[in-house]
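>
Numbering (full-length UniProt numbering), first residue to last: 1 to 79.
(1) Kindly indicate which three-state DSSP category residue 44 falls into: helix, strand or coil?
(2) Determine, using beta carbons only, whether residue 21 and residue 62 come nearer to each other than 8 Å.
(3) Taking DSSP as the reference, what is the three-state secondary structure of residue 30?
(4) Quick one: measure Cβ to Cβ for residue 24 and residue 8, integer angstroms, because I've assumed they're closer than 8 Å.
(5) Mind checking which residues open and close the beta strand (DSSP E) that includes residue 13?
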């Protein structure tokens, strides 16, 4: 079973016209669980028009113990 944690968006950086890097702040009690390991990914969930959506993203950056980043590209017709 997947365990979800609420993380705060610390920064959103534009990479291209249709892609951004989203950096999440990881609180101290969760930093070991979110310590970067090669091949690691995050499953993000959000509500869109009353429907729960889940998407998996590879971690693209983790410079500091309290931060973790994923890159997201908009896909035409995607949600």
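Quick reminder that beta carbons are idealized off the backbone N, C-alpha and C, glycines included.
According to the data block:
(1) strand
(2) no
(3) DSSP, read as helix, strand or coil, puts residue 30 in helix.
(4) Rounded, the Cβ-Cβ distance is 7 Å, consistent with contact.
(5) 8-16
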